[in-house]
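Numbering (my numbering), first residue to last: 17 to 224.
Where is the CB? At the ideal position from N, CA and C, for every residue including glycine.
Please read these numbers as outputs of a predicted model, since none were measured by experiment.
Heads up: the structure comes next, in structure tokens.
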């Protein structure tokens, strides 16, 4: 058995490489992270890392694709059940928040990529998510026609703003904790709850 195939109870070496690369890219940025530092974090030799990912750019692409792959599987699961559009949207938003809260580095990496490589990030998001954005937009329009949602909401722009709020809230939530003087404050608690309230207040004609 090769070192590259070992699992030690913490996932395969390839999975551990992707996890550590996600963390280091989000903390230091792509340019500030070396393959050697990733190999050291995983606890393997650099040649073992290169066995799976020949270059840092290849590793970066796989890290981003791992985030995209989750949503390519998750969105069809959420959006295809035969329930009403309101339930679908609530499920989508809940899943979105949970995905980024489970690992804060996901949101931080997305923010870094948007700032450092806006054109590449835009192309990736547009290619992978445009069909689902249109589908969610159709659900919003159905809700508008039924009177459930406000008619002055621009569906696709609303979706983009929700994404920005969720990712931004999770990515910088810890850094803004000093602005809130309450013992009940936690980055995963009060800010997320307030985010949901803002979305509901701006979308529903009558508050649920």
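- Item | Rounded distance between the beta-carbons of residue 105 and residue 155, thought under 8 Å | In the chain shown, counting from the first residue as 1, residue 155 sits at position 139. In the chain shown, counting from the first residue as 1, residue 105 sits at position 89. The Cβ separation is near 6 Å, so the contact holds.
- Item | Best match in 177, 146, 148 and 171 for proximity to residue 158 [C-alpha to C-alpha] | Stepping through the chain shown from its first residue, residue 158 is reached at position 142. Comparing Cα-Cα distances from residue 158 to each of 177, 146, 148 and 171, the minimum goes to 171.
- Item | Exposure label - residue 187; buried when at least 16 CB within 10 Å | Within the chain shown, the letter at position 171 stands for residue 187. With 16 or more Cβ atoms within 10 Å of its Cβ, residue 187 is classed as buried.
- What does a CB cutoff of less than 7 Å around residue 182 pick up in its chain, not counting 5 residues either side in sequence? To locate residue 182, count along the chain shown from 1; it is residue 166. So the list reads 112, 113, 116 and 211, once near-sequence residues are dropped.
- Euclidean distance between Cα positions of residue 30 and residue 89: For the purposes of this step, residue 30 is taken as the residue at position 14 of the chain shown. For the purposes of this step, residue 89 is taken as the residue at position 73 of the chain shown. Distance between the alpha carbons of residue 30 and residue 89 is about 20 Å.
- Message: Please list the terminal residues of the continuous alpha helix (DSSP H) segment that includes residue 178.
- Response: Indexing the chain shown from 1 puts residue 178 at position 162. Per DSSP, residue 178 belongs to the alpha helix (DSSP H) from 171–188.
- Item | Strand pairing of residue 220, partner residues [DSSP] | Translated into the one-based positions of the chain shown, residue 220 becomes position 204. 165, per the DSSP bridge assignment.
- Message: Going by C-alpha to C-alpha distance, which of 96, 67 and 221 sits closest to residue 162?
- Response: Position 146 of the chain shown, counted from the first residue, corresponds to residue 162. Minimum Cα distance to residue 162 is reached at 221.
- Query: Would you call the segment 48–61 and the segment 127–147 in contact, with 3 or more CB pairs under 8 Å?
  - Reply: no
- Query: Is the shortest distance between the beta-carbon of residue 30 and the beta-carbons of chain B less than 8 Å?
  - Reply: Among the chains of the structure shown, chain B does not appear; only one protein chain is present.
- What number of angstroms, rounded off, separates the C-alpha of residue 132 from the C-alpha of residue 45? Taking the chain shown and counting its residues from 1, the one referred to as residue 132 is at position 116. Taking the chain shown and counting its residues from 1, the one referred to as residue 45 is at position 29. Taking the straight line joining both Cα atoms gives about 9 Å.
- Ordered list of beta strand (DSSP E) runs contained in the segment 57–133, each at least 3 residues: none
- Anyone know if the C-beta pair for residue 169 and residue 219 falls short of 8 Å? Along the chain shown, one-based indexing puts residue 169 at 153. Along the chain shown, one-based indexing puts residue 219 at 203. Contact: yes.
- Buried/exposed call for residue 173, threshold 16 Cβ in 10 Å: Working through the chain shown from its first residue, we reach residue 173 at position 157. Per the 10 Å Cβ criterion, exposed.
- Query: CB residue 185 to CB residue 152, shorter than 8 Å?
  - Reply: Position 169 of the chain shown, counted from the start, is the residue given in the question as residue 185. Position 136 of the chain shown, counted from the start, is the residue given in the question as residue 152. Cβ atoms of residue 185 and residue 152: not closer than 8 Å.
- Boundaries (first-last residue) of the alpha helix (DSSP H) holding residue 42: As a position in the chain shown, residue 42 is number 26, starting the count at 1. Looking at the DSSP string, the run of the alpha helix (DSSP H) that includes residue 42 is 29–44.
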